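Undergrad:
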Amino acid sequence: MSASASGAKREQWSSRRGFVLAAVGSAVGLGNMWRFSYLTAENGGAAFVLFYLLIAVLVGLPLLLAELVVGRGAQASPIRALEHFGGRRWRPLGGVFVLTGFLILSYYGVIAGWTLRYAMAGIVGGFAADAGAHFGEVASGWDAFAFHGLFMGITIGIVAGGVKRGIERTAVVLMPTLFALVVGLALYAFWLPGSSAGYAYYLSPDFSKLLSASVLKDAAGQAFFSLSLGMGAMLTFASYFDRERNLAGECLTIGGADVAVAFVAGLVVFPLIFALGLEQAVGGSTLGALFITLPQTFVELGMVGRLVGCVFFAALAVGALTSAISLLEVVVASAVDGLGWSRRRAAWLAGGSATLLGIPSAASLDFLGLLDAVANNVFLLGGGLALSLFVGFAMRDPSAEIAPGTVAARWWPWWRRLLRYAVPAFLIFVLAFALPETWAAGVAFFASAGG
Ligand code: PHE
1 MSASASGAKR EQWSSRRGFV LAAVGSAVGL GNMWRFSYLT AENGGAAFVL
51 FYLLIAVLVG LPLLLAELVV GRGAQASPIR ALEHFGGRRW RPLGGVFVLT
101 GFLILSYYGV IAGWTLRYAM AGIVGGFAAD AGAHFGEVAS GWDAFAFHGL
151 FMGITIGIVA GGVKRGIERT AVVLMPTLFA LVVGLALYAF WLPGSSAGYA
201 YYLSPDFSKL LSASVLKDAA GQAFFSLSLG MGAMLTFASY FDRERNLAGE
251 CLTIGGADVA VAFVAGLVVF PLIFALGLEQ AVGGSTLGAL FITLPQTFVE
301 LGMVGRLVGC VFFAALAVGA LTSAISLLEV VVASAVDGLG WSRRRAAWLA
351 GGSATLLGIP SAASLDFLGL LDAVANNVFL LGGGLALSLF VGFAMRDPSA
401 EIAPGTVAAR WWPWWRRLLR YAVPAFLIFV LAFALPETWA AGVAFFASAG
451 G
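Residue numbers for the sequence shown follow my numbering, so the first one is 1 and each next one is one higher.
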């Protein structure tokens, strides 16, 4: 085992399965279902899906392996891990990761709160006939705060419980449940009359939409968000994994599971929407689409719709929970490693602050959208770029960490070359579009808020 960067005895996953399920739990979340389907609709369907898949494989997987290698090798949270392999001057990057965790968690908890609220609606009272107006109520005011607070409370409780007893135990139970729910929903959608138009929209690309920088930027941001890349979540989880297994294998399992769930979630959402003839709603898709169009579908399906809707939103909430856990864990692990806090204290203080930070997002949908754009298009893509350069240039021999004690595989040097040149070149290109666009969105938001 490699030397630990933090002297104290660290908690570890109890098994390989525990680690993989926790990492898959981090990856699979609102990104796969809410964000993936709303961006797919906004960017014209299958063309976007194709881009996303390519970027996830060619850029996402090499970076995922990079995070795993740094985390397991250093056996420490991001700030210390970067220092361990690159020296003190890399510490600020770890600080940016922690900040990003806070930022995403703050609005992530708000959306997760909506899913809790909707799952409950399936049980008590049913879905409202006027789905648009109902979403307006759910997404603002007291309800939005209350369910955000509830969700964050559950997340904090689990993280405070520890790596093995809190995080691992939750993932081992919830992830298989989630897979079963999503596959069950996709089968249900398949048998629904009229759903085939949804498959056509989702699966046959409109190539006129393919070559646009804006689609590329959204696809890249989505690949990073969905794989939990660019902010040290995967790095942190790998730091509790001390086995000498070949990390390339784990990387493929985690990445494969994430892409598979996103893909299958699309097989739920689009056929459901098209079966009920609600496709005009898809064209004008925005951030709230999933929470308006789908409940409308569920209302029209009557009693069965109530059950299906409840299962759908429960699955979303489950995915959101295991992802929020990993976001909070980045902050908590850093406070435990760096400040010597107890895990319990770190979880409540960090989680509590993220909950308060979520208040503006619970109050304004536009603000939430802006934070999401800033977090993805700036922080995750920028963090990924920095990490790529870190493993590409600053680390002495990253390949040696892939599978310690085994013979180097022939592709290892290619992995490093990818991180040195191709991945950074791609990310710089995307950032060149993403930065001005996000800046303009921010200026527009504050101008309209002020005026
Ligand atoms: N991957 C999670 C999702 O798809 C979100 C996330 C992003 C989690 C970054 C951790 C870090 O919902």
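Cβ coordinates follow ideal geometry from the N, Cα and C atoms, glycine included. Note that the structure is a prediction, hence the values are computed from the model and not measured.
For my contact list, LEU82 and ARG91 are in at a C-beta cut-off of 8 Å; report their separation, rounded to the angstrom.
TA: The sequence position of residue 82 within the sequence shown is 82, counting from 1. The sequence position of residue 91 within the sequence shown is 91, counting from 1. Contact holds; Cβ gap of about 6 Å.
Undergrad: Do the segment 7-27 and the segment 152-165 meet, that is, are 3 or more Cβ pairs less than 8 Å apart?
TA: Touching, yes, given that three or more Cβ pairs across the two stretches are closer than 8 Å.
Undergrad: With distance defined between alpha-carbon atoms, name the residue in THR322, ASP337 and GLY405 nearest to ILE167.
TA: What you label residue 167 is simply residue 167 of the sequence shown in a count that begins at 1. Measuring from the Cα of ILE167, the nearest candidate turns out to be THR322.
Undergrad: Do you know whose CA, among GLY132, GLY95, PHE145 and ALA128, lies nearest GLY109's CA?
TA: Position 109 of the sequence shown holds residue 109. When only C-alpha atoms are compared, the closest one is PHE145.
Undergrad: Could you give the distance in angstroms between the alpha-carbon of VAL59 and the alpha-carbon of ALA129?
TA: Counting from one through the sequence shown, the residue named residue 59 turns up at place 59. Counting from one through the sequence shown, the residue named residue 129 turns up at place 129. Computed Cα separation, rounded: 43 Å.
Undergrad: Which residues neighbour the ligand PHE when neighbourhood means a C-beta less than 6 Å away from any of its non-hydrogen atoms? List them by chain order.
TA: Selection output, chain order preserved: SER26, ALA27, GLY29, LEU30, GLY31, ASN32, ILE104, PHE225, SER226, SER228, MET231, ALA233, SER323, SER326 and LEU327.
Undergrad: Might you give, ordered along the chain, the residues of its own chain that have their beta carbon closer than 6 Å to the beta carbon of TRP34, omitting 5 neighbours on each side?
TA: Position 34 of the sequence shown, counted from the first residue, corresponds to residue 34. Cβ neighbours of TRP34 beyond the five flanking positions: LEU290.
Undergrad: Taking all protein chains shown into account, decide if MET303 is buried (16 or more other Cβ within 10 angstroms of its Cβ) or exposed.
TA: Taking the first residue of the sequence shown as position 1, residue 303 is located at position 303. Classification for MET303: exposed.
Undergrad: Please classify VAL124 as buried or exposed, where buried requires at least 16 neighbouring CB atoms within 10 angstroms.
TA: In the sequence shown, counting from the first residue as 1, residue 124 sits at position 124. By the neighbour-count rule (16 or more Cβ atoms within 10 Å), VAL124 is not buried but exposed.
Undergrad: Leaving aside the five residues before and after ALA362 along the sequence, list all residues of the same chain whose C-beta is less than 7 Å from its C-beta, in chain order.
TA: Position 362 of the sequence shown, counted from the first residue, corresponds to residue 362. Within the same chain, ALA362 has close Cβ partners VAL110, ALA144, PHE145 and HIS148.
Undergrad: Write down every uninterrupted run of the alpha helix (DSSP H) in the segment 56-118 whose length is 4 residues or greater and which is fully enclosed by it, in chain order.
TA: Segments of the alpha helix (DSSP H) lying fully in the segment 56-118: 61-74 and 78-86.
Undergrad: For SER228, which of helix, strand or coil comes out of DSSP?
TA: As a first step, residue 228 is located in the sequence shown; it is residue number 228 there, counting from the start. Residue state, collapsed to three classes: coil.
Undergrad: TRP415: buried (16+ other C-beta within 10 angstroms of its C-beta) or exposed?
TA: As a first step, residue 415 is located in the sequence shown; it is residue number 415 there, counting from the start. By the neighbour-count rule (16 or more Cβ atoms within 10 Å), TRP415 is buried.
Undergrad: Of the choices CYS251, GLY153, GLY369 and TYR188, whose alpha-carbon is the least far from that of PHE445?
TA: Your numbering for residue 445 matches position 445 in the sequence shown. When each option's Cα is compared against that of PHE445, the closest is GLY369.
Undergrad: If we call anything under 7 Å between Cβ atoms a contact, is THR155 one with LEU328?
TA: As a working note, residue 155 is residue 155 in the sequence shown. As a working note, residue 328 is residue 328 in the sequence shown. Yes, Cβ-Cβ distance for THR155 and LEU328 is below 7 Å.
Undergrad: Quick one: Cα of LEU93 to Cα of LEU203, how far?
TA: Position 93 of the sequence shown, counting from 1, holds the residue named residue 93. Position 203 of the sequence shown, counting from 1, holds the residue named residue 203. Spanning the two alpha carbons is a distance of roughly 39 Å.
Undergrad: Taking the Cβ atom as the reference point for each residue, do VAL332 and ALA354 lie within a distance shorter than 7 Å?
TA: Translated into the one-based positions of the sequence shown, residue 332 becomes position 332. Translated into the one-based positions of the sequence shown, residue 354 becomes position 354. No; because the gap between Cβ atoms is not below 7 Å, this pair is not in contact.
Undergrad: Do GLY198 and PRO295 have their beta-carbon atoms positioned less than 7 Å apart in this structure?
TA: Here the question's residue 295 lines up with position 295 in the sequence shown. Here the question's residue 198 lines up with position 198 in the sequence shown. No, Cβ-Cβ distance for PRO295 and GLY198 is not below 7 Å.
Undergrad: I'd like to check one pair, SER228 with SER26: are the Cβ atoms closer than 7 Å?
TA: Here residue 26 refers to the residue found at position 26 of the sequence shown. Here residue 228 refers to the residue found at position 228 of the sequence shown. Going by C-beta atoms, SER26 is nearer than 7 Å to SER228.
Undergrad: Compute the Euclidean distance between the alpha carbons of LEU435 and GLY392, then round it to the nearest angstrom.
TA: Along the sequence shown, one-based indexing puts residue 435 at 435. Along the sequence shown, one-based indexing puts residue 392 at 392. Distance between the alpha carbons of LEU435 and GLY392 is about 24 Å.
Undergrad: Ordered along the chain, which non-local residues of its own chain (more than five positions away) have a Cβ less than 7 Å from that of ALA386?
TA: As a position in the sequence shown, residue 386 is number 386, starting the count at 1. Only LEU93 meet the Cβ criterion.
Undergrad: Do you know offhand how far ASN246's Cα is from ILE402's?
TA: The residue you call residue 246 lines up with position 246 of the sequence shown. The residue you call residue 402 lines up with position 402 of the sequence shown. If you take the alpha carbons of ASN246 and ILE402, they lie about 6 Å apart.
Undergrad: From what residue to what residue does the alpha helix (DSSP H) around SER364 run?
TA: Mapped onto the sequence shown, residue 364 falls at position 364. Element bounds for SER364: n/a, residue is neither H nor E.
Undergrad: If we ignore side chains and look at the alpha-carbon of each, how far apart do TYR421 and ALA394 end up?
TA: As a first step, residue 421 must be located in the sequence shown, where it is residue number 421. As a first step, residue 394 must be located in the sequence shown, where it is residue number 394. Cα-Cα distance, rounded: 14 Å.
Undergrad: Beta-carbon within less than 6 Å of SER334's beta-carbon, same chain only, minus the 5 sequence neighbours each way: which residues are those?
TA: Position 334 of the sequence shown, counting from 1, holds the residue named residue 334. Excluding positions up to five away in sequence, the list reads SER77, ILE79 and VAL98.
Undergrad: Should SER448 be labelled buried (16 or more other beta-carbon atoms within 10 Å of its own) or exposed?
TA: Looking up residue 448 in the sequence shown gives position 448. Burial call: exposed.
Undergrad: Counting C-beta neighbours from all protein chains within 10 Å, is the total for ILE428 16 or more, i.e. buried, or is it exposed?
TA: Working through the sequence shown from its first residue, we reach residue 428 at position 428. When all chains shown are included, ILE428 counts as exposed.
Undergrad: Give the straight-line distance between the Cα atoms of PHE433 and ASP218, rounded to the nearest whole angstrom.
TA: Within the sequence shown, the letter at position 433 stands for residue 433. Within the sequence shown, the letter at position 218 stands for residue 218. PHE433 and ASP218: Cα-Cα distance of roughly 10 Å.
Undergrad: Tell me the residue span of the alpha helix (DSSP H) that contains TRP415.
TA: Mapped onto the sequence shown, residue 415 falls at position 415. Run containing TRP415: 412-417, per the alpha helix (DSSP H) assignment.
Undergrad: Hey, GLY358 and SER106 are a contact pair by Cβ (cut 8 Å); roughly how many whole angstroms apart?
TA: Here residue 358 refers to the residue found at position 358 when the sequence shown is read from its first residue. Here residue 106 refers to the residue found at position 106 when the sequence shown is read from its first residue. Their Cβ separation, rounded to whole angstroms, is 4 Å, which keeps GLY358 and SER106 in contact under 8 Å.
Undergrad: Measure the CB-CB distance between ALA346 and VAL330 and report whether it falls below 7 Å.
TA: For this step, residue 346 is matched to residue 346 along the sequence shown. For this step, residue 330 is matched to residue 330 along the sequence shown. Cβ atoms of ALA346 and VAL330: not closer than 7 Å.
Undergrad: Tell me whether LEU187 sits in a helix, a strand or coil according to DSSP, three-state version.
TA: Taking the sequence shown and counting its residues from 1, the one referred to as residue 187 is at position 187. Reduced to three states, the DSSP call for LEU187 is helix.
Undergrad: Taking 6 Å as the limit between beta carbons, can you name the residues of its chain near LEU267, skipping five residues before and five after?
TA: What you label residue 267 is simply residue 267 of the sequence shown in a count that begins at 1. Same-chain partners within the cutoff: ALA186.
Undergrad: Could you check the C-alpha separation between ALA275 and LEU301 for me, to the nearest Å?
TA: As a working note, residue 275 is residue 275 in the sequence shown. As a working note, residue 301 is residue 301 in the sequence shown. Roughly 11 Å between the two C-alpha positions.
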